[in-house]
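Asker:
Residue numbers (this note's numbering): 2 to 505.
#1: If you count every other CB in all the chains shown that lies within 10 Å of the CB of residue 148, and 16 or more means buried, which is it?
#2: Report the start-end ranges of each alpha helix (DSSP H) in the segment 373-431 that is 4 residues or longer and not cut off at the edges.
#3: Taking the alpha-carbon positions, what's the residue 448 to residue 415 distance?
#4: What residues match up with residue 318 in a beta bridge as DSSP calls it?
#5: Taking residue 186 as part of the alpha helix (DSSP H), name the residues at either end of that continuous run.
#6: Please tell me whether residue 302 and residue 349 are closer than 8 Å, where the distance is taken between their beta carbons.
#7: Please tell me whether residue 280 and residue 294 are closer than 8 Å, where the distance is taken between their beta carbons.
#8: Helix, strand or coil, according to DSSP, for residue 201 in the structure here?
#9: What residue from 218, 500 and 146 has the CA that sits closest to residue 167's CA?
#10: Suppose contacts are defined by Cβ-Cβ distances below 8 Å. Is residue 362 in contact with residue 429 by that definition?
#11: Could you tell me if residue 346 is buried or exposed, where buried requires 16 or more neighbouring beta carbons within 10 angstroms of its beta carbon?
#12: Which whole-angstrom value is the C-beta distance of residue 164 and residue 486, which I expect to be below 8 Å?
#13: Give the straight-line distance between the Cα atoms of residue 33 and residue 306, rounded to the nearest whole angstrom.
#14: Is residue 220 helix, strand or coil when you go by DSSP?
#15: Nearest to residue 248 by alpha carbon, out of 267, 262 and 263?
#16: Considering just the uninterrupted stretch of the beta strand (DSSP E) at residue 160, what are its terminal residues?
#17: Within the continuous alpha helix (DSSP H) that includes residue 150, where are the two ends?
#18: Helix, strand or coil: how does DSSP classify residue 175 here?
#19: Run through DSSP, which three-state label would residue 479 get?
#20: Let's test the definition: count the other Cβ atoms within 10 Å of the Cβ of residue 1 and tell me whether it reaches 16, buried, or not, exposed.
#21: Residue 297 to residue 317, Cα distance in whole Å?
#22: Mind checking residue 208: buried by the 16 CB within 10 Å criterion, or exposed?
#23: If contact is defined by three or more beta carbon pairs under 8 Å, each pair taking one atom from either stretch, is the segment 193-202 in contact with the segment 172-183?
#24: Considering only C-alpha positions, which residue in the set 128, 122, 154 and 230 is nearest to residue 171?
#25: Taking the alpha-carbon positions, what's the residue 330 to residue 198 distance?
#26: Rounding to the nearest angstrom, what Cα-Cα distance links residue 453 and residue 395 in this structure?
#27: Can you name, in chain order, every residue of its own chain whose Cβ lies under 6 Å from the Cβ of residue 371, other than the five neighbours on each side?
#28: According to DSSP, is residue 169 helix, strand or coil?
#29: Does residue 291 pass the burial test, meaning 16 or more other C-beta atoms within 10 Å, or should it be called exposed?
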């Protein structure tokens, strides 16, 4: 039986400039990544020291814990649910703050000029129609939450009150592992955006951390979480599939995506419960029938740890980068095809890199990007070749792969974007309205890459999560085209965050 948190949050949108709150997130052991076969987890067990940070269970996330627009406490007086101070007067944890924003620095960008062909941070279709296209309109029956998100000012963070996921978690007594449902996020867990229903899907756990294989969804229109499935019973470890026909729990990394044309969740790879072994089974979850399908393709696709995947709406295919190869998967024919291997020069050692990465697709230029853990790869979907060299950027921190290509000076690549590329599995997704890539380096300010100028710009950190997201962010930072806003989940015990990059 699925569970729903049916009490929607109180909505309060105020343009403020608060002091950044400290949102402390627990630390995890480093979980390294291995080769495609998953025969060695370089970081060892991620589980034994993770259990103590489970925290108390929130049986209900009610609106009483949030301050209303007129009755909330003032600037420095609001008390944080997690012990911190809320600058805008709302409570964090189960309460939350109002929208907050401000300039975060230019990162090398020039001053905006209407008519220059670039839709800059201060420009919208209303004040500069020459540069900015209007967003897709909201439906007439849009909810107050949808309207709030749609109308957020550019470069603004919003923490939605009463939205921790723990309210819909199953009891710990029903699920094995040293931790509880917090490990769906903390133990290298990814996410995918269901663009048909405008909801963020989370799935994770695995290794010795958490053995529950249930799915979660945050429905943006109502501001509520749902548990879409329940954990499997009986034998739930060390095999994929399980005896009940469902997939084993796993560290999902960046191995899950929403396949829009088929209306299914795609999943590949991961570190399974409880032995941590890699899995190479290809799964999809049908949102209409609420059933998993084991596709069992032959030959099998990439397995093991730290796979970075992304769905391409143009080719209707999934791209997957593993440690040793780049693949493409066609769901209709159920065929995995290797595109390029990294085991030999001139691509080795530059691209044969283990580590936590995040993938996305630029659908306008038909490019697959994979970034994170000190690495960047750009693949031309049309030309079927690596085009990383075409994407030397400026701003956003320095990046160099010099430490990885010693003895191979011809493979040296230096660029901007280091604030995003150098962290483990950053949030990283394409912004349709701005025609930009937005990276969130697991804490603080986002960084926005203008794909026309190839210049990074630093966004606001006011109201953003400030503590490092353990293990990386992966697909839990996603752009929602319907509202022109990014959604972000950093913990099952924290509220859901939203970031508006550019206006309409």
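By construction, the Cβ of each residue, glycine as well, lies at the ideal position given by its N, Cα and C atoms. It should be emphasised that the depicted structure is a prediction, and the values quoted were computed from it without experimental measurement.
Answerer: Taking the coordinates as given:
#1: exposed
#2: 419-422
#3: 18 Å
#4: 313 and 331
#5: 184-187
#6: no
#7: no
#8: strand
#9: 218
#10: no
#11: exposed
#12: Wrong, their Cβ atoms sit about 15 Å apart, outside the cutoff.
#13: Here the model assigns residue 33 a pLDDT of 48, short of 50, so the residue's position is not dependable and the matter cannot be decided.
#14: strand
#15: 267
#16: 157-161
#17: 145-151
#18: helix
#19: strand
#20: For residue 1 there is no data in the structure shown, the boundaries of the chain being 2 and 505.
#21: 19 Å
#22: buried
#23: no
#24: 230
#25: 24 Å
#26: 12 Å
#27: 309, 322, 358, 360 and 378
#28: helix
#29: exposed
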